[in-house]
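To start, the structure itself, in structure tokens.
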Amino acid sequence: MTSVAVDTDVAAYALRLGDDALVLGQRLGEWAAKSPQLEEDVALLNLSLDHLGAARSLLTRAGELDGTGRSEDDLAFLRDEPDWTNALLMELDGGDFGRTMTRQLLVAAYQLPLWQALSSSTDEVIAGVAGKAVKEVAYHLDHARSWVVRLGDGTEESHRRVQAGLDEVWPYAAELFERDELLELLIARGVAADPALLEPQWRETVEDVLAEATLTVPETTWRPTGGRRGAHTTGFGYLLAELQHLHRSHPGASW
Amino acid sequence: MTTATAAPQLEQDFQACIDADGRIEPRDWMPEGYRKTLIRQIAQHAHSEIIGMQPEGNWITRAPSLRRKSILVAKVQDEAGHGLYLYSAAETLGVDREELLDLLHVGRQKYSTIFNYPTTSWADVAAIGWLVDGAAIMNQVPLTRCSYGPYARAMIRVCKEESFHQRQGFEAMTVLANGTPAQRQMAQDAVDRWWWPSLMMFGPSDTESPNSAQSMAWGIKRFSNDELRQRFVDATVPQAEHLGLTIPDPDLSWDDETGHYVFGEIDWTEFFTVMKGDGPCNRERLAHRVAAHDEGAWVREAAQAYAEKHASRSIAVAA
Amino acid sequence: MSDYSAEGGHGAIPTSGVPSDEGGSKRSQPLWEVFVRSRRGLSHTHVGSLHAPDAHMALRNARDLYTRRQEGVSLWVVAATDIVASSPDEKDAFFDPAGDKPYRHPTFYDVPEGLTHL
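Chains as they are written, first to last, in the working numbering: chain A, 76 to 330; chain B, 3 to 321; chain C, 4 to 121.
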């Protein structure tokens, strides 16, 4: 086995990206047999698969680089809550279909410029994941846009419901664009994407879609944060319990 | 659109087509009985696929590895897709999917009894892939040559995907059977609970059934229920032996003379109880399905409203 | 006692005592026929149908449903109501003879996979 040089900073960044993907993939998987129509069961599970695929590559990379030799499954199933570094937006309960679609919109509009930028990351694995994800996320964004527009500009009831969902998830978007010490270091090294550069494109995309959907852009001063340093929402513990329980019940077993 | 009286020539031509192993297509003349039997069969097949998403969908969030999670998501997604192919095939016979779903939701159209059992452990997911999908493949492969074109073509697509389902189930089962004592126990326990219901999937013996005879004459059914069940047992017992798992049938034995396995009496009262609606999960499965449908109504209505608004907008622009 | 057919597909389903349909009117979202070109050099082939409220969603749904395993380089969706059909082999004598009255799902000639020179 070729040994990979330890690089805890890049490992931590890969872990953030991987955790985002895994947590979102988990939330999307909850829609199986619950979607408003079969076509959406197919579509949402497709999205889930895309995120799970990215998660596996990124977690594997993190485990390689942090010097612990942990596998994708070790990281997914054996870490406790404070060690998870996903953004809070990903872990929110999906709520109703409208809430899920607005969360999807905010995430996809962020991930499109993110993966575009990371396609030239100096970490080859991250760049590889990004190259694949860029194509997937364009599709995710179109899906989210299509539904947010149809729900916003559909019936009075759908308009009300999707606006409510948007209002609930909106405050969590700000965390996506925060810069911390780790990011400063990795931006300088060409590994990470600069969130400040992503935000204008995100905002333009999102505001265009919301306008087409006849929805109001929420205004709030509340900026929930903490995901990147392991401070999660109440629901996250339950998500982890469900995710990890079976694996943890059989230490050392293969599946 | 369909004629009320069947001219003998049309009926002869219809039967001749079937007898020559040809295909009947949507615009062909067909006896009303053929049309109705097919709608019933295809619709209930579709219902089985979508209800079947539930017992396995249960384990997506809890799968014990990321690889297993991904495989399971793909499998459940396929099942939704199969439902869609089949509803489409049924609709070519002049019925609407919404109508078929209504009949499912009020319990007047049924679905396979196998999905009325609970999946209480991860090994159940593996057992469903191995045994239940294995049994389904026995049923489904002959349908790829069924006389009705759209159904046969849908089944070709379904069967291709179903073979992945069975293989991943058997693989998952293999890992469990060769794993820790707790995993082996989990695997054996699942086989103990899923074996007999899987045999029941083929239905009671139909040698006396006039419906079966008619379906065979129409090229909708190729083999008897008993023949299909026997094939399944013959294929599966060696697989269980390979896994080192015991099949919970003390009467199971190989018969050299016939070249088949002999197996024990099936308790058909369980089958009829479950088919009637009193199995462990019938109420739960249907309630879950109806809830998803009802809770999603506002979404479907929104999509329709948007389409109507924009259709009329574009007409106004053109004018 | 009802009969059960194993070929219910995913397990035995009753063959009698169960209604096929209620003869109600069409209520689903509009129907679209889907055509896939599986690779360059081949024609688009009819692969089935689906429901969607509009063309954009129809194309999306078709991609998800019919090309999940990379079975296509090009997709067409056509509103079923736009299709005009004529099928010389079929017994149209007892149907409305006007050539522009499409049945819900017209027949197309399907070339079986893998055959050439047809």
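Every residue, glycine too, gets a C-beta built ideally from N, C-alpha and C.
{"query": "Near-chain A residues of the stretch 60–76 of chain C (beta-carbon distance less than 7 Å), N- to C-terminal order", "result": "Met60, Arg63, Asn64, Asp67 and Leu68"}
{"query": "Minimum C-alpha distance to serine 309(A) - residue among Asn121(A), Leu103(A), Leu164(A) and Arg136(A)", "result": "Looking at the sequence provided, one finds threonine at residue 309(A) rather than serine. With distances taken between Cα atoms, threonine 309(A) lies closest to Leu164(A)."}
{"query": "Cutoff 8 Å: tryptophan 124(B) Cβ touching any chain A Cβ", "result": "yes"}
{"query": "Cα-Cα separation between leucine 321(A) and alanine 65(B), rounded to whole angstroms", "result": "7 Å"}
{"query": "Every unbroken beta strand (DSSP E) inside the stretch 29–107 of chain B [3 residues or more]", "result": "none"}
{"query": "Three CB pairs or more closer than 8 Å across the stretch 114–128 of chain A and the stretch 152–164 of chain A", "result": "no"}
{"query": "Closer than 7 Å at the beta carbon, the chain B residues around serine 31(C)", "result": "Asp98, Arg99 and Glu100"}
{"query": "Where glutamate 256(A) falls: helix, strand or coil (DSSP)", "result": "helix"}
{"query": "Which of helix, strand or coil DSSP assigns to tryptophan 197(B)", "result": "helix"}
{"query": "Alpha-carbon spacing of valine 160(B) relative to histidine 84(B), whole angstroms", "result": "6 Å"}
{"query": "Test: histidine 218(A) CB closer than 8 Å to a CB of chain C", "result": "yes"}
{"query": "Proximity to alanine 235(B) [Cα-Cα], best of Pro33(B), Ser255(B), Met218(B) and Ile222(B)", "result": "The question names alanine, but residue 235(B) is valine in the sequence shown. Nearest of Pro33(B), Ser255(B), Met218(B) and Ile222(B) to valine 235(B), Cα basis: Ser255(B)."}
{"query": "Status (buried if at least 16 other CB within 10 Å, exposed otherwise) for asparagine 180(B)", "result": "exposed"}
{"query": "Beta-carbon proximity of alanine 154(B) to arginine 29(B), cut-off 8 Å", "result": "no"}
{"query": "Beta-carbon gap between leucine 150(A) and glycine 138(A) smaller than 8 Å", "result": "yes"}
{"query": "Contact with chain C by proline 144(B), beta-carbon distance below 8 Å", "result": "yes"}
{"query": "For tryptophan 256(B): DSSP bridge partner residues", "result": "Tyr263(B)"}
{"query": "Which of helix, strand or coil DSSP assigns to threonine 48(C)", "result": "strand"}
{"query": "Cβ-Cβ distance between leucine 2(B) and serine 200(B) below 8 Å", "result": "Nothing in the structure corresponds to residue 2(B), since chain B is present only between 3 and 321."}
{"query": "Residues of the stretch 100–118 of chain B whose Cβ lies closer than 8 Å to any Cβ of chain A, in chain order", "result": "none"}
{"query": "Simplified DSSP state of tryptophan 220(B), which is helix, strand or coil", "result": "coil"}
{"query": "Within-8 Å CB hit, tyrosine 87(B) to chain A", "result": "no"}
{"query": "Min CB distance tyrosine 36(B) to chain C below 8 Å", "result": "no"}
{"query": "Beta carbon proximity, glutamate 282(A) to chain C, threshold 8 Å", "result": "no"}
{"query": "Rounded straight-line distance, which links the Cα of methionine 202(B) to that of glutamate 10(C)", "result": "13 Å"}
{"query": "Glutamine 73(C), buried or exposed, once every other Cβ within 10 Å from all chains shown has been counted against 16", "result": "exposed"}
{"query": "Neighbourhood of phenylalanine 97(C) by C-beta, 8 Å cutoff - its chain only, sequence neighbours within 5 removed", "result": "Confidence is the limiting factor: at phenylalanine 97(C) the pLDDT is only 44, short of 50, which leaves the residue's position unreliable and the question unanswerable from this model."}
{"query": "Contacting residues, own chain, Cβ-Cβ under 7 Å from leucine 180(A) (five flanking each side not counted)", "result": "Ala219, Arg220, Val223, Val281 and Val284"}
{"query": "Cβ distance (whole Å) where tyrosine 69(C) is taken to contact valine 39(C) below 8 Å", "result": "6 Å"}
{"query": "Where alanine 184(A) meets chain C, residues with beta-carbon distance less than 9 Å", "result": "Within 9 Å Cβ-Cβ: nothing; alanine 184(A) doesn't reach chain C, min ~18 Å."}
{"query": "8 Å Cβ cutoff, phenylalanine 204(B) in contact with chain C", "result": "yes"}
{"query": "Candidates Leu88(B), Gly261(B), Phe166(B) and Trp196(B): closest to methionine 157(B) by CA position", "result": "Leu88(B)"}
{"query": "Beta-carbon proximity of tyrosine 88(A) to leucine 261(A), cut-off 8 Å", "result": "yes"}
{"query": "Chain-ordered neighbours of glutamate 114(A) on chain F, where CB pairs are closer than 9 Å", "result": "Judged by its chain identifiers, the structure shown contains no chain F, and its protein chains are A, B and C."}
{"query": "Anticipated Cβ contact below 8 Å, aspartate 253(B) with glycine 266(B), distance rounded", "result": "4 Å"}
{"query": "Bridge partner(s) assigned by DSSP for alanine 82(C)", "result": "Trp35(C)"}
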